[in-house]
Amino acid sequence: MLLPSHEGKISFKFNANSKRVKIKTEKKSKVVLEEGLSDLLGFHTHVVEGVAESSFVAEPQAAFPVFYVYSDIVQPVVAGHVEAPLLRGKDGDVVSAHYDRPHYVPVTRQSFQTTEIELRLNSGALVPFERGKLIIVLHFRMRQIL
Numbered sequence: 001m002l003l004p005s006h007e008g009k010i011s012f013k014f015n016a017n018s019k020r021v022k023i024k025t026e027k028k029s030k031v032v033l034e035e036g037l038s039d040l041l042g043f044h045t046h047v048v049e050g051v052a053e054s055s056f057v058a059e060p061q062a063a064f065p066v067f068y069v070y071s072d073i074v075q076p077v078v079a080g081h082v083e084a085p086l087l088r089g090k091d092g093d094v095v096s097a098h099y100d101r102p103h104y105v106p107v108t109r110q111s112f113q114t115t116e117i118e119l120r121l122n123s124g125a126l127v128p129f130e131r132g133k134l135i136i137v138l139h140f141r142m143r144q145i146l
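Have a look at this one:
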C-alpha cells in the first residue's frame with residue numbers, strides 16, 4: 001500500500017548481519033506498530049519518530065505456532081516420523097503447546113540430580129529466547145498400579 005502523502009518520508013531497513021530493523025521517518029511522520037508487530041520487529045516502543053533501531057533482533061517466529069518440549073528423563077514418544085523424549089504426546093497425537101492441566105509421562109530413571117529441557121520449533125531449531133521469560137513447572141507423582 002502506498003500513501004502518496006508519505007512517499008519517501010518513511011523507510012524500513014533490515015540489517016542482515018545484526019538482524020535488527022532500522023526505521024527512519026521524516027517531516028512529522030511517525031510509524032505506529034501494533035503490539036505483535038513491534039515484538040516481531042524487535043522494538044520496545046510502539047510509536048517510532050525520527051530514526052530508531054530495534055532493541056532486539058527481528059524474530060519472524062515470535063508467535064511460535066508450534067514448539068516441542070524435550071526432556072532427558074522421560075520415555076520417548078512418536079512425534080511425526082521420529083521417536084523423541086517429548087514431555088507430552090502419544091503415538092498419533094498432535095503434540096500441543098497448550099498445557100491446561102498436568103500431563104504425566106513415564107520417567108526413565110528412578111532418581112536424578114538434574115534434568116535438561118529443550119524447547120524446539122517445528123523445524124527442529126532451538127526456540128530463541130532473547131527476551132521475556134519462560135517458567136516450566138515439573139510435577140512428579142508415583143505411578144499408580146491398577
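Numbering follows the UniProt record's numbering, with no gaps: position 4 of the sequence shown is 4. Using N, Cα and C, we set each Cβ at its ideal position, and we do this for glycine too. Nothing here was measured: the structure is a model prediction, and the numbers come from that model.
Fill in: In DSSP terms, what residue 168 is bridged to
It is not possible to answer for residue 168, since the shown part of the chain is limited to 1 through 146.
Worksheet item: What number of angstroms, rounded off, separates the C-alpha of G50 from the C-alpha of K28?
Response: 8 Å
Worksheet item: Tell me which same chain residues have a C-beta within less than 8 Å of the C-beta of L126, skipping the five on either side of it?
Response: E118, L119 and R120
Worksheet entry | Sequence-distant residues of its chain with Cβ nearer than 7 Å to I23 (five each side left out) | F12, V31, V48 and A52
Worksheet item: Using the rule of at least 16 other Cβ atoms within 10 Å of the residue's Cβ for burial, across every protein chain shown, is S55 buried or exposed?
Response: exposed
Worksheet item: Just how far apart, CA to CA, sit L40 and N17?
Response: 17 Å
Item to complete: Since I believe V21 is in contact with G42 (beta carbons under 8 Å), could you give me their beta-carbon distance rounded to a whole number of angstroms?
Response: 6 Å
Worksheet entry | Candidates T115, G124 and Q144, of which the one nearest I136 by Cα | T115
Discussion item. Please state the DSSP three-state secondary structure of S111.
Written reply: coil
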